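Protein chains in written order, with this note's numbering: chain B, 851 to 1148; chain F, 851 to 1148.
Each residue gets a CB set at the ideal place from its N, CA and C atoms; glycine is no exception.
Source: prediction; values computed, not measured.
Shown next, in structure tokens, is the structure this report addresses.
2 protein chains.
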Amino acid sequence: MPAAFADRVIDSIYRFGSPLCVGLDPFAHLIPSALFGDPRSDVSALGRFSEALLTQAAAHTGVVKIQLGLFEPFGPEGVAAAREACRFAQGLGLVTILDAKRGDIGSTAEGYAAAALGPRPGFDADCVTVAPYMGVDSLLPFVEAAETRGKGVAVLVRTSNPGARDLQDLLVDGSPLWTKTAAMIAPLQTRLRAEGEFSSLMVVAGATYPEQARLLRQLLPEALFLVPGYGAQGASAGDAVAGFVPGPKGLVGGVVNASRSVSYPTAAASAATLHDWRSAIDAAMNGAKRDLEAAVSG
Amino acid sequence: MPAAFADRVIDSIYRFGSPLCVGLDPFAHLIPSALFGDPRSDVSALGRFSEALLTQAAAHTGVVKIQLGLFEPFGPEGVAAAREACRFAQGLGLVTILDAKRGDIGSTAEGYAAAALGPRPGFDADCVTVAPYMGVDSLLPFVEAAETRGKGVAVLVRTSNPGARDLQDLLVDGSPLWTKTAAMIAPLQTRLRAEGEFSSLMVVAGATYPEQARLLRQLLPEALFLVPGYGAQGASAGDAVAGFVPGPKGLVGGVVNASRSVSYPTAAASAATLHDWRSAIDAAMNGAKRDLEAAVSG
């Protein structure tokens, strides 16, 4: 049995000195078609772009997030490309978070869990994002799959979009609903406790709301944070690590995702050669890594 | 432009005299392998089973629900089988609800919407189920895709599982959270208003909670209900149609899904020939149809 998900994530953070997680978001209109092809006419372009981006990512981080919702519009071939990207990333030693935001009950949830975390024909990803609206029983099949295979589950708690307010911030007994979501999953945090100090239960906590992140840390002291919203969505590195806690080598407690800002920097869009593209991506990833490194080393 | 989703659903209900929706839930261990093959060793068994079940369904209803979460564990080939099943159902004149329970923000939600409701390589399904936790902005890309193509969106409001209580029943200003979800999506009901009396906005309202269904009908008078939990989950036909309203030909207002009870009746499990299997499925579907017919003609 390999090390638990949480331990591998924390190891990556210490190894690279930064909580950067690179997000693989294949936007058809942003992928440089001269270098990789246009996925709208040739799905194999998705694979070429994914492998090139993941290869660059492996120099700057040990954790990547694969955005399944941007592969699915390409049909079953797109899903196959996402699964290949997951395997390719793992071959590079990267820990993979499959961003699928699944959620269902009973045997259907078991199906989604097997698809995301199970061995072939599943993705065999190291972690999957899930939605909490249907309650704890809808999350258990994912937790059970994670438990059996040393993997992780990332639950949406307080998301980074403006509409997060619509339901997540409604007051229940004077506290926002998302704090009830946190309380609901607290037993899962204990259940997915790894060897180190953190649990393989992850919580999605948007970087755009640093105060909520600090409160969420109090509610779930051992959960790993998966922080979206840094970079393209406007949150600073300091905001992004607001829910982290002091550790032996600076602030620790989760990963901060950067997708568009490190995958489609301006210099990459105009790159004439793969070499130029790699240099542009490298500079963008290095910039994000150092920005986050500064934020956690305080 | 074909008729709007809501009008096609209502037309089906009047045509068959029953709100039955047949759910296609391919459970690997329940599909009679002697007749269709075992999908665990041969994914094409999924296609054979799906086509046989849909063909029987078309004699009893005009609406089917395809449970994507039970196709996904078979990998990209499973997703391809689900997409083929969707196309096959439409070829039989069936209205298709893709039960995918997707939910994300911005461009990722657009990706999921294109995958579910868009033309090839998408599923081109007639409706897709979505989760509301991330707020209205996470639902809009689905609504926009539905609006453009005369399709529907089914939002989880009050689900049929025991864990539905964990978040959905929490009190916000004295009312359960799910009523706030209903209020949140009320503008979408208006936006997806079809030609007839119902909107192409569907709401998932579990049959196991008839009182909630009646209250939900007051909150969303024009929404179509998608009612899970009838049959295998234990709710009666009367409970299942609790949120329906009087119409010219009996109670109307949505469809009641039956999956396991009509797909895996005892007599089908022991069928020695396809002919016997068809007879068993036919009897089970007919029974569910008549049970629901009696409930709506009251």
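Is there a Cβ from chain B that is less than 8 Å from the Cβ of residue i?
| i | result |
| --- | --- |
| F/M1052 | no |
| F/A981 | yes |
| F/D881 | The residue you asked about is not Asp; residue 881 of chain F is Ile in the sequence shown. With 8 Å as the cut-off, F/I881 does not count as an interface residue toward chain B. |
| F/I800 | Absent from the model: residue 800 of chain F. The displayed extent of chain F is 851 to 1148, so no value can be given. |
| F/G953 | yes |
| F/G985 | yes |
| F/A1073 | no |
| F/N797 | Only positions 851 to 1148 of chain F appear in this structure, which leaves residue 797 of chain F out of reach. |
| F/T911 | no |
| F/S894 | no |
Below 8 Å on the Cβ atoms is my contact criterion, and I expect residue i with residue j to pass it. Report the Cβ-Cβ distance as a whole number of Å.
| i | j | result |
| --- | --- | --- |
| B/M984 | F/L1006 | 7 Å |
| F/C871 | F/N1136 | Contact doesn't hold; Cβ gap of about 15 Å is too wide. |
Is residue i close to chain F, meaning its C-beta is less than 8 Å from at least one C-beta of that chain?
| i | result |
| --- | --- |
| B/P1096 | no |
| B/R1015 | yes |
| B/V872 | no |
| B/M1135 | no |
| B/E1061 | no |
| B/F924 | yes |
| B/V929 | yes |
| B/G961 | yes |
| B/T1029 | no |
| B/F855 | no |
| B/S957 | yes |
| B/F877 | yes |
| B/S1025 | no |
| B/P1037 | no |
Using only the alpha-carbon positions, how far apart do residue i and residue j sit?
| i | j | result |
| --- | --- | --- |
| F/F921 | B/V1146 | 42 Å |
| F/V893 | B/P1096 | 50 Å |
| F/A908 | B/G928 | 31 Å |
| B/P926 | F/F924 | 11 Å |
| B/E934 | B/L904 | 12 Å |
| F/L1076 | B/A1121 | 50 Å |
| F/Q906 | B/L880 | 45 Å |
| B/T1029 | F/A1117 | 48 Å |
| B/A963 | B/A996 | 8 Å |
| F/A884 | F/W1127 | 11 Å |
| F/A1090 | B/V986 | 24 Å |
| B/A1092 | B/V1102 | 10 Å |
| F/K951 | B/D954 | 7 Å |
| F/L942 | B/E1061 | 54 Å |
| B/P982 | F/V980 | 13 Å |
| B/R1067 | B/P1012 | 21 Å |
| F/H910 | F/S1025 | 39 Å |
| F/T958 | F/A965 | 11 Å |
| F/A853 | F/Y1059 | 32 Å |
| F/E1072 | B/A1133 | 53 Å |
| B/R1085 | B/S891 | The sequence as given places Ala at residue 1085 of chain B; Arg does not occur at that position. Between B/A1085 and B/S891, the C-alpha separation is close to 35 Å. |
| F/P882 | F/A1082 | 19 Å |
| B/G968 | B/D949 | 15 Å |
| B/I860 | F/I860 | 54 Å |
| B/G956 | B/P1115 | 42 Å |
| F/E1047 | F/S862 | 14 Å |
| F/A1087 | F/R999 | 32 Å |
| B/G873 | F/K1099 | 53 Å |
| B/R865 | B/E994 | 29 Å |
| B/A1044 | F/K1139 | 50 Å |
Here's a check: name, in chain order, each residue in its chain whose Cβ is nearer than 7 Å to the Cβ of residue i, leaving out the five neighbours to either side.
| i | result |
| --- | --- |
| F/R898 | F886 and G887 |
| B/D875 | Q917, L920, S1109, R1110 and S1113 |
| B/L1070 | A1032, A1036, Q1039 and V1053 |
| B/L896 | P876, P889, F921, F924, G928 and A931 |
| F/E960 | P991 |
| B/P869 | I863, V1091, G1104, V1105, V1106, L1142 and V1146 |
Leaving aside the five residues before and after residue i along the sequence, list all residues of the same chain whose C-beta is less than 6 Å from its C-beta, in chain order.
| i | result |
| --- | --- |
| F/G867 | E1143 |
| B/F855 | D976, C977, K1001, G1002 and S1050 |
| F/A1063 | A1055, A1092 and G1093 |
| F/A1130 | P1115, A1117, A1118 and A1121 |
| B/A878 | P889 and R890 |
Can you name, in chain order, every residue of its own chain whose Cβ lies under 8 Å from the Cβ of residue i, other than the five neighbours on each side?
| i | result |
| --- | --- |
| F/T1009 | Q1018, V1054, G1056 and P1078 |
| B/F938 | S900, E901 and L904 |
| B/Q940 | T946, D974 and D976 |
| F/R858 | P852, G912, V945 and D976 |
| F/L1124 | L885 and A902 |
| F/L1065 | T1029 |
| F/L1027 | L1017, Q1018, D1019, L1020 and L1021 |
Exercise for review: Inspect the CB distances between the region 956-976 of chain F and the region 1013-1032 of chain F and report whether three or more fall short of 8 Å.
Suggested key: Contact between the region 956-976 of chain F and the region 1013-1032 of chain F is not established, with fewer than three Cβ pairs separated by less than 8 Å.
Practice item. Would you check if there are 3 or more beta carbon pairs closer than 8 Å linking the region 1029-1038 of chain F to the region 996-1010 of chain F? Key: The region 1029-1038 of chain F vs the region 996-1010 of chain F: in contact.
Exercise for review: Scan the region 964-975 of chain F for residues whose Cβ lies nearer than 9 Å to a Cβ of chain D and list them as they occur along the chain.
Suggested key: No chain D appears in the structure shown, which is made up of the protein chains B and F.
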